[in-house]
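K.L.:
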Amino acid sequence: MRLVMIDNYDSFTYNLVQLFYEFDLEVLVFRHDTITLEEIAALQPRWLCISPGPKAPAQAGISKAVISRFYQEIPILGVCLGHQALNEVFGGSTVCAPLPVHGKRYPVFHAGRGLFQGLPSPFWGARYHSLMATAPSPDLEVTARTGDGVIMGLSHRRYPLHGVQFHPESFLTEHGRELTANFLELEGKVVLGEGAKGQWPTYNPPPNPHPQSLKVL
């Protein structure tokens, strides 16, 4: 089983690769300016992943073109920059976040659908970003947010196309392995609709949940 990873020159890319290795996958990694759409198609991957990256989707090489070309055929997961790229492909915007967050974890709230099936809400998610996705298309459903409303998850309403702003591969994120397993298992399925609770959680978080920082000893 083969997964192709588009690397946006990010230091977290191989942490993601290691996470996918836990599922006994063949993972092929290509920098975003070293492969073509035709070459990706010839590899016949079962899944695609668009990695995080230090810049904006406009500087993410082939990433947006990969999403546009393959989202109806191959399950795709976008992480951080990949999540923002997914949103832009369908007409959404990428803007500066109200507060840049790097190396901190925040509560992620969700309704138990798509990637988040079977996961508690909230759980801790590691954030490393200064930009955020906003104004998503009606084709996409917001599947997760922070307590103060920043979009943490998006999924296409018809196809297995998913994005997360937080980093599932980080040791600061809870349930990253389970979320990744959900992505791999959702292949070819209609993934939205009623979740475990059938609605967005009724928990009313404070406006600015206090983040937890990594302590360096």
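Taking my numbering, I'd label the letters of the sequence shown as residues 34 to 250.
Just so you know, even glycine gets a beta-carbon here, dropped at the ideal spot from N, CA and C.
Computed from a prediction, not measured in an experiment: that's the story for all the values here.
Taking only three categories from DSSP, how would you classify Y54?
P.N.:
Reduced to three states, the DSSP call for Y54 is helix.
K.L.:
Take C113 and list the residues in its own chain whose beta-carbon comes closer than 7 Å to its own, dropping the five residues that flank it on each side.
P.N.:
Excluding positions up to five away in sequence, the list reads P85, Y161, H162, Q198 and H200.
K.L.:
By the DSSP assignment, the alpha helix (DSSP H) with T213 in it spans what residues?
P.N.:
Looking at the DSSP string, the run of the alpha helix (DSSP H) that includes T213 is G209 to E218.
K.L.:
Under DSSP, the beta strand (DSSP E) around L61 begins and ends at which residues?
P.N.:
Start and end: E59 to R64.
K.L.:
Would you call C129 buried or exposed, if buried means 16 or more other Cβ atoms sit within 10 Å of its Cβ?
P.N.:
Counting Cβ neighbours within 10 Å, C129 comes out exposed, since fewer than 16 surround it.
K.L.:
What number of angstroms, rounded off, separates the C-alpha of G94 from the C-alpha of I39?
P.N.:
Taking the straight line from one Cα to the other gives about 9 Å.
K.L.:
Is it a yes or a no for the stretch 53-65 touching the stretch 210-218, going by three-plus beta-carbon pairs under 8 Å?
P.N.:
Yes: at least three Cβ pairs fall under 8 Å.
K.L.:
Classify P193 as helix, strand or coil using the three-state DSSP reduction.
P.N.:
In this structure, P193 counts as coil in the three-state DSSP scheme.
K.L.:
Can you tell which of R138, F149 and T167 has the C-alpha that lies nearest to the C-alpha of A159?
P.N.:
If we check each option's Cα against that of A159, R138 comes out closest.
K.L.:
Taking 8 Å as the cut-off, does the stretch 99-114 touch the stretch 75-89 (at least 3 CB pairs, one atom from each stretch)?
P.N.:
A contact exists between the stretch 75-89 and the stretch 99-114.
K.L.:
Closer than 8 Å is the cut-off here; do at least three beta carbon pairs connect the stretch 173-181 with the stretch 134-150?
P.N.:
Yes, since at least three Cβ pairs between the stretch 173-181 and the stretch 134-150 fall closer than 8 Å, the two stretches touch.
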